[in-house]
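In my numbering, the protein residues as written are 2 to 338.
Backbone N, C-alpha and C define an ideal beta-carbon position, used for all residues, glycine too.
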Amino acid sequence: MFMSDPTISDIKQILTDNQRFLIISHKGPDGDAVSSVLSLGLGILSLDKEVQMVIPDGIPHEFRDLPGATQVQRCISKPYDISIILDCSDLERSLPVLDPQLPDINIDHHISNVGFARFNLIEPEAGATAQILAAHFPDWGLPIDAQIAVSLLTGIVSDTLGFRTSNTTSQTLQISSDLMTIGANLNEVYQKVLLQRSFPGTQYWGFGLNRLQRKDRLVWTSLTIEDREKSNYPGNDDADLINILSSIEDTDISIIFVEQKKGTIKVSWRAQAGIDVSAIAVKYGGGGHPSASGAEIKGSLDLIQSIVLPDTYALLSLHSPIQTAPETKAGVYPILG
Ligand SMILES: [Mn+2]
Numbered sequence: 002m003f004m005s006d007p008t009i010s011d012i013k014q015i016l017t018d019n020q021r022f023l024i025i026s027h028k029g030p031d032g033d034a035v036s037s038v039l040s041l042g043l044g045i046l047s048l049d050k051e052v053q054m055v056i057p058d059g060i061p062h063e064f065r066d067l068p069g070a071t072q073v074q075r076c077i078s079k080p081y082d083i084s085i086i087l088d089c090s091d092l093e094r095s096l097p098v099l100d101p102q103l104p105d106i107n108i109d110h111h112i113s114n115v116g117f118a119r120f121n122l123i124e125p126e127a128g129a130t131a132q133i134l135a136a137h138f139p140d141w142g143l144p145i146d147a148q149i150a151v152s153l154l155t156g157i158v159s160d161t162l163g164f165r166t167s168n169t170t171s172q173t174l175q176i177s178s179d180l181m182t183i184g185a186n187l188n189e190v191y192q193k194v195l196l197q198r199s200f201p202g203t204q205y206w207g208f209g210l211n212r213l214q215r216k217d218r219l220v221w222t223s224l225t226i227e228d229r230e231k232s233n234y235p236g237n238d239d240a241d242l243i244n245i246l247s248s249i250e251d252t253d254i255s256i257i258f259v260e261q262k263k264g265t266i267k268v269s270w271r272a273q274a275g276i277d278v279s280a281i282a283v284k285y286g287g288g289g290h291p292s293a294s295g296a297e298i299k300g301s302l303d304l305i306q307s308i309v310l311p312d313t314y315a316l317l318s319l320h321s322p323i324q325t326a327p328e329t330k331a332g333v334y335p336i337l338g
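Next comes the structure, spelled out in structure tokens:
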């Protein structure tokens, strides 16, 4: 996309004409969300503007060293003229209430993003929101220094799982290469984002792996609050176990059910190229990409599994002829059988 695109030039005009910016992303932030907020925040700060960066759940441990991370707040603390929401496919309930309620600018790469802001820059072909930002910083007169380059590359590497996802394109690599030229160290980013994992996180995986199940080309497991307590895992996510599940051979769709407080279950789907799980996620109030989606659903672990598993299995049946007999543990999820 070029400056001839009205949204690109509108955003430039807004950045030029205003002084106080709020930059915000979703709860349970991933590397792309954190990096996007930090990169755009630091970029606008360098224009001598006022910026507050807000991530309601704070910054996950592995991203705390990123440039600008200490300036991120959990709440909106002062007035602003323009709100910019990043990497957020929908206006989640847990976000702080914006004033006015709809954001001014919405920049995202989730295909399920409905364009809820005044100005919407949605590029579903981009591997990460950070990639969209990196591509358009020059259009907007924002500088990319070495610090911002590290942050942008972190977003791209984490969201593409190290250039492995199907939305990794030659442009993703081109932009990443440019960021390396500016000063981002790919090896360091890769180590920090994708290879290092904590001992509690690895123990937490163990509980999920113990419960691993499969039926034909569908694989799933669950993680509970008790698992997190036993392993001292500090987050309330799946510690990226879903990526291990989706690497299991002869698997088309993988799902993890993560028990949350207040009786909700966070469900994550991953699918092989050619299968779209985002529609299922949207059906349950979530969203995402064709190959990676999620939703938070009210109900007990057993109940949610008994509804979501057959629903997902039905989708799978449309794509692959069922050849093998079910291998599901008898009696655990009878509704699937
Ligand atoms: Mn993203």
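Check: Continuous beta strand (DSSP E) stretch holding Ile-85: start and end; Outcome: 83 to 87
Check: Check: Ser-288 C-beta below 8 Å from any heavy atom of ligand 1; Outcome: Note that residue 288 is Gly in the sequence shown, not Ser. Incorrect: Gly-288 has no Cβ contact closer than 8 Å to ligand 1.
Check: Bounding residues of the beta strand (DSSP E) (the contiguous stretch that carries Thr-265); Outcome: 265 to 272
Check: For Gly-288, the three-state DSSP class (helix, strand or coil); Outcome: strand
Check: Distance cut-off 8 Å: His-137 Cβ against heavy atoms of ligand 1; Outcome: no
Check: Limits of the unbroken beta strand (DSSP E) element including Thr-225; Outcome: No beta strand (DSSP E) holds Thr-225; DSSP gives it neither H nor E.
Check: Those residues which DSSP pairs with Asp-109 across a bridge; Outcome: Ile-123
Check: Cβ neighbours of Leu-196 in the same chain (closer than 6 Å, five flanking residues each side left out); Outcome: none
Check: Reduced DSSP secondary structure (H/G/I, E/B, other) of Ser-248; Outcome: coil
Check: Thr-325 to Lys-284 span [Cα, whole Å]; Outcome: Since pLDDT at Thr-325 reaches only 45, below the 50 mark, its modelled position is unreliable, and the value read off the structure follows with that caveat. Their Cα atoms are separated by approximately 29 Å.
Check: Helix, strand or coil at Val-278 according to DSSP, with G and I counted as helix; Outcome: coil
Check: Buried versus exposed call for Glu-297 [16 or more other C-beta atoms within 10 Å across all chains shown]; Outcome: buried
Check: DSSP bridge partner residues for Glu-260 (one or two, in chain order); Outcome: Ile-266
Check: Whole-angstrom distance between Asp-241 and Arg-229, CA atom to CA atom; Outcome: 14 Å
Check: Gln-20, buried or exposed, once every other Cβ within 10 Å from all chains shown has been counted against 16; Outcome: exposed
Check: Close-in-space but distant-in-sequence residues of the same chain around Ile-12 (CB under 7 Å, 5 per side omitted); Outcome: Ile-106, Phe-120, Leu-122 and Trp-141
Check: Contact test: Thr-130 Cβ vs ligand 1 heavy atom, cutoff 8 Å; Outcome: yes
Check: Assumed close pair Leu-16, Ile-60 - CB separation to whole angstroms, cut-off 8 Å; Outcome: Actually they are not in contact, since the Cβ atoms of Leu-16 and Ile-60 sit about 24 Å apart, beyond 8 Å.
Check: For Phe-138, three-class secondary structure by DSSP; Outcome: coil
Check: Any non-hydrogen atom of ligand 1 within 8 Å of Asp-241 CB; Outcome: no
Check: Euclidean distance between Cα positions of Ser-294 and Pro-80; Outcome: 33 Å
Check: Contact the region 46 to 54 vs the region 88 to 99: 3+ CB pairs below 8 Å; Outcome: no
Check: Ile-336 burial status per 10 Å Cβ neighbour count (16 or more: buried); Outcome: Only weak support exists for where Ile-336 lies, its pLDDT of 35 falling under 50; the value from the coordinates is given anyway. Classification for Ile-336: exposed.
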